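Asker: This is the structure, below, for whatever I ask next.
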Amino acid sequence: MRLLPPIEDDPQAWLDLLLEEGRSLGARMGVLFPAADAHWLFVARHREILSRYFRFALPADGDLEAWPGKPFQYAAAARAGIPTPLTFSPQSREQLEALAGRMQYPCLVKPAFSHKWLAVYKDRKLTFVESPEELVAGGLDAMDKGLEILVQEYIPGRDDQIYTFQAYANAEGRVLASSVRRKLRQYPPHFGSGSIAVSVREPRVEELGRCLMESLRFHGIGSVEFKWDSRDGEFKLMELNVRPGLMTAVSLADGSDVVWAAYRDLCGEQHEPLRSYHIGVKLVFFENDIKAFRHYREIGELTWVDWVRSLLGRTQDLHLAWDDSVPFLIWLRRVLRNFATGLLRHFRAGRQGEWSAGTFVRSHRGGSWRCGSGSDHSAGE
Numbered sequence: 004m005r006l007l008p009p010i011e012d013d014p015q016a017w018l019d020l021l022l023e024e025g026r027s028l029g030a031r032m033g034v035l036f037p038a039a040d041a042h043w044l045f046v047a048r049h050r051e052i053l054s055r056y057f058r059f060a061l062p063a064d065g066d067l068e069a070w071p072g073k074p075f076q077y078a079a080a081a082r083a084g085i086p087t088p089l090t091f092s093p094q095s096r097e098q099l100e101a102l103a104g105r106m107q108y109p110c111l112v113k114p115a116f117s118h119k120w121l122a123v124y125k126d127r128k129l130t131f132v133e134s135p136e137e138l139v140a141g142g143l144d145a146m147d148k149g150l151e152i153l154v155q156e157y158i159p160g161r162d163d164q165i166y167t168f169q170a171y172a173n174a175e176g177r178v179l180a181s182s183v184r185r186k187l188r189q190y191p192p193h194f195g196s197g198s199i200a201v202s203v204r205e206p207r208v209e210e211l212g213r214c215l216m217e218s219l220r221f222h223g224i225g226s227v228e229f230k231w232d233s234r235d236g237e238f239k240l241m242e243l244n245v246r247p248g249l250m251t252a253v254s255l256a257d258g259s260d261v262v263w264a265a266y267r268d269l270c271g272e273q274h275e276p277l278r279s280y281h282i283g284v285k286l287v288f289f290e291n292d293i294k295a296f297r298h299y300r301e302i303g304e305l306t307w308v309d310w311v312r313s314l315l316g317r318t319q320d321l322h323l324a325w326d327d328s329v330p331f332l333i334w335l336r337r338v339l340r341n342f343a344t345g346l347l348r349h350f351r352a353g354r355q356g357e358w359s360a361g362t363f364v365r366s367h368r369g370g371s372w373r374c375g376s377g378s379d380h381s382a383g384e
């Protein structure tokens, strides 16, 4: 195993390693599944040389550099007649300030390209603003960091109003496997990544997602996310992910298994499209869902009883698989190590006599466990 720097920092190291691995396969061909936008773009940029040794799925048409960007996706949605939130793309301070006077609040400052934004802001996926002053400040902060931004209307509604059509489409743009999932919670709440999702039947989401993929002649594993807008009764496009993500694993649990469909197709196996999947199958990322529950409970959106009830039924953990237990054991070791580290720091802080079972609380920040008082917990720690 070789450790490499982030692909944006040293793409040549990644290319060298992949070519080395490819040559070692001899007459066989490997299969690549890029699982992040930066990796997808890397494969697109080096598709000619990588295709000598690997099979992978990429759209044949268009400027692939633009595909992960929301401007490209919203333009494609408009051509296909798919509803989107009201969105603007200011290019200067003057345009941003003019826009600030016209927007309804609250609204959102979002990245045009999420992977570039996250390289700067880490876990913060967007900026929620409630006034013209906040919009200008948040927008300029991102623009000063060299980021292309969007200003978008805020669609009200709980996190369980977010639905995703996930699918694999072949080189002709034909969907070979698909399902629809619904977020139940995300972390951070309201503007984070899914911590628990469930497979559902939602024909309109499937229709819109399939329409977007087919209109683009998309080739690969993708997911099209929508949010239900109760104001006009429409599902509005949030984004198209052009590669598998964390919650793509729902498809393994619900039987649609888009990754297996992609692998078989890339290896040349002929198979008919999968047209059914199991409804009500849940996938939970427990580490994040525990943190999400604490926040939802603090803002009054979730009770202990509702949280426990939501975990019942056909629920599968993201890490735990009895036939492949190593990822779960690695995760468990990290959690226990972080907990032990936090406990040790507590004692080293010299708080003898200040804690009891009732005042020992845990919170997860930056991958470490923190011990604090009950008042810390009630303050949102």
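Numbers given in the numbering used here equal positions in the sequence shown, counted from 1, plus 3.
Note that CB positions come from ideal geometry on N, CA and C, so glycine has one too.
All values reported here derive from a predicted model rather than from experimental measurement.
Have a look at Val154 and Arg26 and give me their C-alpha separation to the nearest angstrom.
Answerer: Those two C-alpha atoms are separated by around 46 Å.
Asker: Can you check which of these residues, Val208, Arg213 and Ala324, is closest to Ala252 by C-alpha distance?
Answerer: The option with the nearest alpha carbon to Ala252 is Ala324.
Asker: Please classify Asn341: does DSSP put it in a helix, a strand, or coil?
Answerer: Of the three classes helix, strand and coil, the one that applies to Asn341 here is helix, per DSSP.
Asker: Going by the beta-carbon positions, is the gap between Ile85 and Leu211 smaller than 8 Å?
Answerer: Taking 8 Å as the Cβ cut-off, Ile85 and Leu211 qualify as a contacting pair.
Asker: Using C-beta distances below 6 Å, list every residue in its chain close to Pro62, excluding the 5 sequence neighbours before and after it, in chain order.
Answerer: Result list for Pro62: Phe221 and His222, in chain order.
Asker: For the beta strand (DSSP E) containing Cys214, name the first residue and the last one.
Answerer: Run containing Cys214: none in the beta strand (DSSP E); it sits in the alpha helix (DSSP H), Pro206 to Leu219.
Asker: Using three-state DSSP, classify Arg336 as helix, strand or coil.
Answerer: If DSSP states are grouped into helix, strand and coil, Arg336 belongs with the helices.
Asker: Let's see if you can read the secondary structure: which residues bound the beta strand (DSSP E) around Val154?
Answerer: Run containing Val154: Ile152 to Glu156, per the beta strand (DSSP E) assignment.
Asker: Considering only heavy atoms of the ligand GDP, does any lie closer than 7 Å to the CB of Gln107?
Answerer: The ligand GDP is absent from the structure shown, which contains no ligands of any kind.
Asker: Can you confirm whether the stretch 96 to 106 touches the stretch 130 to 140 when touching is taken to mean that 3 or more C-beta pairs between the two stretches lie within less than 8 Å?
Answerer: These segments touch.
Asker: With a threshold of 16 other CB atoms inside 10 Å of the CB of Leu347, please say whether the residue is buried or exposed.
Answerer: By the neighbour-count rule (16 or more Cβ atoms within 10 Å), Leu347 is not buried but exposed.
Asker: Three-state secondary structure (DSSP) at Phe229?
Answerer: Reduced to three states, the DSSP call for Phe229 is strand.
Asker: Less than 6 Å between C-beta atoms, sequence neighbours within five positions excluded: which residues of the same chain meet that for Asp379?
Answerer: With a pLDDT of 32 at Asp379, under the threshold of 50, the predicted position of this residue should be treated as unreliable, and no value is reported.
Asker: Roughly how many angstroms lie between the CA atoms of His49 and Pro14, to the nearest whole one?
Answerer: The straight-line gap from Cα to Cα measures roughly 10 Å.
Asker: Got a sec? Which residues, its chain only, sit under 8 Å from Arg351 by beta carbon, not counting five neighbours each side?
Answerer: Nothing meets the Cβ criterion.
Asker: Our contact map puts His281 next to Ser181 with C-beta atoms below 8 Å; I'd like the distance itself, whole angstroms only.
Answerer: No, His281 and Ser181 are not in contact; Cβ-Cβ is about 13 Å, not under 8 Å.
Asker: Expressed to the nearest angstrom, what Euclidean distance is found between the alpha-carbon atoms of Lys47 and Leu111?
Answerer: A small correction: the amino acid at residue 47 is Ala; Lys does not occupy that position in the sequence shown. When rounded, the distance between both Cα atoms is 30 Å.
Asker: In chain order, what residues of the same chain have a beta carbon less than 7 Å from the beta carbon of Phe289, not counting five sequence neighbours either side?
Answerer: Within the same chain, Phe289 has close Cβ partners Asp320.
Asker: Under the rule that 16 or more other beta-carbon atoms within 10 Å means buried, what is Thr130, buried or exposed?
Answerer: Per the 10 Å Cβ criterion, buried.
Asker: Evaluate contact between the stretch 297 to 307 and the stretch 180 to 194, counting only Cβ atoms and requiring at least three cross-stretch pairs below 8 Å.
Answerer: Flag = yes, the stretch 297 to 307 and the stretch 180 to 194 touch.
Asker: Please name the residue, chosen from Phe45, Arg246 and Ala60, that lies closest to Gly271 on a Cα-to-Cα basis.
Answerer: The candidate whose alpha carbon is nearest that of Gly271 is Ala60.
Asker: Excluding five sequence neighbours on each side, which residues of the same chain lie with their C-beta closer than 7 Å to the C-beta of Trp310?
Answerer: So the list reads Phe296, once near-sequence residues are dropped.
Asker: Using the Cα positions of Glu11 and Ile333, report the straight-line distance between them to the nearest angstrom.
Answerer: If you take the alpha carbons of Glu11 and Ile333, they lie about 26 Å apart.
Asker: Please tell me whether Val227 and Leu243 are closer than 8 Å, where the distance is taken between their beta carbons.
Answerer: The answer is yes: Cβ separation under 8 Å.
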